[in-house]
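Asks: I'd like to ask some things about the structure below.
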Amino acid sequence: LGLALYASSLCEASGTAFLYHDYCVIGAGPSGLQVAYFLQRAGRDYVVFERSHAPGSFFALYPRHRKLISINKRYTGKSNGEFNLRHDWNSLLSHDRRLLFQRYSRDFFPNADAMVRYLEDFASLLKLRVQYNTAIVHVTLERDEQAWNGHYFLLTDQDRQNYKCSSLLVATGTWVPNVVNFPGSEYVEGYETVSINPEDFAGQTVLILGRGNSAFETAENILGVTNFIHMVSRSRVRLSWATHYVGDLRAINNGLLDTYQLKSLDGLLEGDLEDLAIVKDKKGKLHITLRFYLENRNTSAGIDSITLPQDELDNFATRAPYDRVIRCLGWKFDFSIYNRSLRMMPGKGNKKKYPQIKPSYESRGTRGLFVLGTASHSVDFRKSAGGFIHGFRYTTRAVHRLLENRHHGVPWPSTVYPITQLTNSIIKRVNEASGLYQMFSVLADIILLRENATAFEYLEEYPVGVLAELEMQTGRKAPNGLFVVIMEYGRNFSGADKDVFYYNRAVGEAQHAWQSNFLHPVIYYYKRLPTEREMRLRPPDWPLPRPDAVHHIVEDFLTDWTAPNAHILPLRRFLENCLSTDLRNFFAESCFLFAFTRQKLPPFCRQGYVRMQGLVGSEGLRRHAVEAGLLEDYTLTDFSGDRPPDSREGSQDQLLRDHSIPVRPLQHLVNAKDE
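Right, here's the structure in full:
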């Protein structure tokens, strides 16, 4: 109520001085700049509010030790820009080749200062409309039936300037430190302020609260100068190579695991931090005890009167006193600026640090409010890369496409191809697409079949969580069935307790493709669009409901799914079975024979040969086909006129006149070759 009255008084004080924009973006971090780029390219009315004097202010401070854990792979052996983005985890999407991150750093794990420079250039070179030094301190709603979503969003900054917008895009990330309060927590130093000079820890004993990358990053920095380091968290350590989640512990920071398992004094412990208590003795040493030991004691009594765990259990693990305790518990979303009318609620369980949003990235409480970037990670938390630049650059683009359809009548971009190109289109995308690769199990390509399966419409990187709403969200129709192309890991291959290096961990045979463990393409076929109920009732850990048919393309060590027998042929046969058609490519003489011997021609012949389309033959091509056993050897020995042997019309005329060509049974003319 107080916030509402405060906002009302601000509005009265400033009269009707509302600055209007169709789209308001809060935050000029990577996701804020990314959505600004798409809005600007579309010619939309927008503004980005940034509280700092420059974009990417989070990276000006974090990570504290300045080394990013997002890889910057400058060489892949390929020149395909889309493929190379699979291994570039820092670049934002744009048309400007100057704005590839590899131009800002040569390091595989870049310095955070390079990210700050990159974001500054991204905003300035693309002339994005960012309003700096503007901290939005309050957001509320104004009901209006004429507005896009039935209400406007009213924003107030630190100078009491008011703004009004039809759609609100929140790109503030998670920047509020997670703090656990327990007796003695006032003695704890925060990751955001602790010294990063290793010499300040020389000869000290340190306890670190937390077990994420910030905790191990801090430990890595002081590992060589401390007496020993202990690390406490309520959950076991999760290694990213086992969970296949890039937010878990990365190898670059895990030196303490070596010193722990090789018995070099350092160690890891599990325990609920809220059950702890810290007591400081007269020498300034910090002792770890349990909260219940302090519940009935006199708070003014000295440490000698406090019962410590080692008084009852003399080999208590943390009985040695510590010189410093450091909190490294990550960050959470800032809910404080949002009026209750917006119903911005935290998630549940391990997602409580994020706001509740739908799979479309729209707030569950307020229509027209979308959450982008790291704060949107609740959609795929601990599953995919949506909390990191190399993931949310694609989900941000997906949100923009949803907004374009909803507010401006611009359907989701698509391309229509003849059905003969179905296999090729899928193979091309699974071998190149970076959005499918990075946002596995979250974004998928959708193939909408036309009537009688003569053609298909291809939509790229659609959020599968809202597949049931596809027609409404994209402006595209799906009356004749669809394929969904998605990337997945094996069902039982990821987890903190999994041994991902076991013998025979990889599958190599196409017939066992469904048992593939590593990331691989999966194609789902539905005769009709799944319903919302089917989406809700899908099997646990399945990104989609049970399909009418499903096909796994066998995992590949090189992530190169172009092998004719292992990858392409099984895929083509799966598609043919689903469509009850023949997707092979044929030579002209086979199509010629089919025209006389079949009631229905294969699609390739109908769409190519019958319409006089296809490659024009040449002597070199015919000779190659003969040597490969694909064509009969029709040697023409007598040419009339001045036409050369490789002239198409001359060859046809000569073929009709040349009585020396032997008559062969029709069945010998049929010669189809899988492409």
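For the sequence shown, the residue numbers in the working numbering are 2 to 676. For glycine and all other residues, C-beta sits at the position ideal for the given N, C-alpha and C. Just so you know, these numbers come straight off a predicted model, no measurement behind them.
Considering just the uninterrupted stretch of the alpha helix (DSSP H) at Phe597, what are its terminal residues?
Replies: Counting from one through the sequence shown, the residue named residue 597 turns up at place 596. That run of the alpha helix (DSSP H) goes 589 to 598.
Asks: Going by Cα to Cα distance, which pick from Gln422, Leu423, Leu373 is closest to Ala399?
Replies: Taking the sequence shown and counting its residues from 1, one reaches residue 399 at position 398. The candidate whose alpha carbon is nearest that of Ala399 is Leu373.
Asks: Return the CA-CA distance between Ile307 and Leu520, expressed in angstroms with no decimal places.
Replies: Residue numbering aside, residue 307 sits at position 306 when the sequence shown is read from its first letter. Residue numbering aside, residue 520 sits at position 519 when the sequence shown is read from its first letter. Looking at the two C-alpha atoms, the distance is approximately 54 Å.
Asks: Quick one: what does DSSP say Val380 is sitting in, helix, strand or coil?
Replies: Residue mapping note: residue 380 aligns to position 379 of the sequence shown, counting from 1. Val380: helix per DSSP, three-state reduction.
Asks: Among all the DSSP beta bridges, which residues are the ones paired with Tyr164?
Replies: The count along the sequence shown starts at 1 and reaches residue 164 at position 163. DSSP output for Tyr164 lists Leu20, Leu156 as bridge partner(s).
Asks: Straight-line CA distance for Pro417 to Thr455?
Replies: Translated into the one-based positions of the sequence shown, residue 417 becomes position 416. Translated into the one-based positions of the sequence shown, residue 455 becomes position 454. According to the sequence as given, residue 417 is Val; it is not Pro. Roughly 11 Å between the two C-alpha positions.
Asks: Assign Phe229 to one of three DSSP states: helix, strand, or coil.
Replies: Reading the sequence shown from its first residue, position 228 is the one you call residue 229. Strand, per DSSP.
Asks: Using CA coordinates, which residue listed in Gln162, His288, Arg430, Lys384 is at the minimum distance from Asn81?
Replies: Here residue 81 refers to the residue found at position 80 when the sequence shown is read from its first residue. Nearest of Gln162, His288, Arg430, Lys384 to Asn81, Cα basis: Arg430.
Asks: At which residue ranges does the segment 358 to 412 contain complete beta strand (DSSP E) runs of 3 or more residues, listed in the order of the chain?
Replies: If we require 3 residues or more, the beta strand (DSSP E) runs fully inside the segment 358 to 412 come out as 370 to 372.
Asks: Use the C-beta contact count for Thr598: other C-beta atoms within 10 angstroms, 16 or more gives buried, fewer gives exposed.
Replies: Residue mapping note: residue 598 aligns to position 597 of the sequence shown, counting from 1. Counting Cβ neighbours within 10 Å, Thr598 comes out exposed, since fewer than 16 surround it.
Asks: Please confirm if the segment 471 to 481 is in contact with the segment 433 to 452, defined as three or more CB-CB distances below 8 Å between the two stretches.
Replies: Touching, per the Cβ criterion.
Asks: Spatial neighbours of Phe605 within its chain, please: CB distance less than 7 Å, with the 5 preceding and 5 following residues excluded, ordered by chain position.
Replies: Within the sequence shown, the letter at position 604 stands for residue 605. Around Phe605: Thr421, Arg585, Asn586, Phe587.
Asks: Curious, which full-length alpha helix (DSSP H) runs of at least 4 residues does the segment 410 to 493 contain?
Replies: Segments of the alpha helix (DSSP H) lying fully in the segment 410 to 493: 423 to 433, 435 to 439, 471 to 475.
Asks: Nearest to Leu270 by alpha carbon, out of Leu250, Lys284, Asp249, Val238?
Replies: Start at 1 with the first residue of the sequence shown, and residue 270 comes out as number 269. Comparing Cα positions, the closest option is Val238.
Asks: What's the gap between the Cα of Ser32 and the Cα of His401?
Replies: Residue numbering aside, residue 32 sits at position 31 when the sequence shown is read from its first letter. Residue numbering aside, residue 401 sits at position 400 when the sequence shown is read from its first letter. Roughly 12 Å separates the two Cα atoms.
Asks: Do you know whose CA, among Gly28, Gly268, Tyr21, Tyr24, lies nearest Ala376's CA?
Replies: On the sequence shown, residue 376 is found 375 positions in, with the first residue counted as 1. That would be Gly28, whose Cα lies nearest to the Cα of Ala376.
Asks: Can you tell me the Cα-Cα spacing of Ser652 and Asn578, whole angstroms?
Replies: Taking the sequence shown and counting its residues from 1, one reaches residue 652 at position 651. Taking the sequence shown and counting its residues from 1, one reaches residue 578 at position 577. At Ser652 the pLDDT is 43, less than 50, meaning the model places this residue with poor confidence and gives no usable figure here.
Asks: May I ask which residues mark the beginning and end of the beta strand (DSSP E) holding Leu291?
Replies: For the purposes of this step, residue 291 is taken as residue 290 along the sequence shown, with counting starting at 1. Here the beta strand (DSSP E) through Leu291 covers 287 to 291.
Asks: Less than 8 Å between the beta carbons of Met346 and Pro356, yes or no?
Replies: Counting from 1 along the sequence shown, the entry for residue 346 is found at position 345. Counting from 1 along the sequence shown, the entry for residue 356 is found at position 355. Cβ atoms of Met346 and Pro356: closer than 8 Å.
Asks: Given a threshold of 16 other Cβ atoms within 10 Å of its Cβ, counted over all protein chains shown, does Val280 qualify as buried or as exposed?
Replies: The count along the sequence shown starts at 1 and reaches residue 280 at position 279. It counts as buried.
Asks: The alpha helix (DSSP H) that contains Arg573, what's its start and end?
Replies: Looking up residue 573 in the sequence shown gives position 572. First-last of the alpha helix (DSSP H) with Arg573: 570 to 580.
Asks: Is Cys329 helix, strand or coil when you go by DSSP?
Replies: Stepping through the sequence shown from its first residue, residue 329 is reached at position 328. Note: Cys329 maps to coil in three-state DSSP.
Asks: Do you know how far the Cα of Ile554 is from the Cα of Gly392?
Replies: On the sequence shown, position 391 is the one that residue 392 refers to. On the sequence shown, position 553 is the one that residue 554 refers to. The straight-line gap from Cα to Cα measures roughly 23 Å.
Asks: Assuming Pro412 contacts Arg341 under a Cβ cut-off of 8 Å, what Cβ separation, rounded to an integer in Å, is found between them?
Replies: As a first step, residue 412 is located in the sequence shown; it is residue number 411 there, counting from the start. As a first step, residue 341 is located in the sequence shown; it is residue number 340 there, counting from the start. Incorrect: roughly 36 Å between the Cβ atoms, too far for contact.
Asks: Which class does Tyr527 belong to by DSSP, given the choice of helix, strand or coil?
Replies: For the purposes of this step, residue 527 is taken as residue 526 along the sequence shown, with counting starting at 1. Reduced to three states, the DSSP call for Tyr527 is strand.
Asks: Report all residues from its chain with a CB closer than 6 Å to the CB of Gln235; omit the five preceding and five following residues, and keep chain order.
Replies: Residue numbering aside, residue 235 sits at position 234 when the sequence shown is read from its first letter. Contrary to the premise, residue 235 reads as Arg rather than Gln in this sequence. Contacts found: Asp273.
Asks: Could you compute how far the alpha carbon of Arg75 sits from the alpha carbon of Arg107?
Replies: Sequence index remark: in the sequence shown, residue 75 carries index 74 (1-based). Sequence index remark: in the sequence shown, residue 107 carries index 106 (1-based). Whole-angstrom Cα-Cα distance: 7 Å.
Asks: On the three-pair Cβ rule with 8 Å, is the segment 159 to 167 touching the segment 189 to 200?
Replies: Taking 8 Å as the limit for Cβ pairs, the verdict is that the segment 189 to 200 does not touch the segment 159 to 167.
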